[in-house]
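Peer 1: In our numbering, the protein residues as written are 2 to 84. No residue lacks a Cβ here, since even glycine has one placed at the ideal position from N, Cα and C. These figures come from a predicted structure and were not determined experimentally. Sharing a structure below in structure tokens format, with a few things to ask.
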């Protein structure tokens, strides 16, 4: 069974991947860094993979994260069009 994905978690993943820092993604999304971190952790649990490697400079998508990114962008685009 496919688990439902939280579109805000997917949006948080996309912005963090594009910006390279959870803090910058949080600022742009109008939430706390902790909220972005929790959303991404929940998304990682849903997908069963690690999406980011945490570094001293921020975050970098793992190979799984890189593979998921185009699909995540599509999810966000579809959600934006639906609203």
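From what residue to what residue does the alpha helix (DSSP H) around residue 49 run?
Peer 2: That residue, residue 49, is in no alpha helix (DSSP H); it is neither H nor E in DSSP.
Peer 1: I think residue 8 touches residue 80, with their Cβ atoms under 8 Å apart; what is that distance to the nearest whole Å?
Peer 2: 5 Å
Peer 1: Could you check how far apart the C-beta atoms of residue 22 and residue 60 are, in whole angstroms? I think they sit under 8 Å.
Peer 2: 7 Å
Peer 1: Tell me, which residues are paired with residue 71 by DSSP?
Peer 2: Note: residue 71 sits in no beta bridge, so no partner.
Peer 1: Any chance you could list the beta strand (DSSP E) runs of at least 3 consecutive residues sitting entirely within the region 13-67, in chain order?
Peer 2: 53-56 and 59-62
Peer 1: Which residues in the same chain as residue 66 place their Cβ atom closer than 7 Å to its Cβ, once the five residues preceding and following it in sequence are excluded?
Peer 2: Taking C-beta separations shorter than 7 Å and ignoring five residues to either side along the sequence, the partners of residue 66 in its chain run 18, 52 and 53, following chain order.
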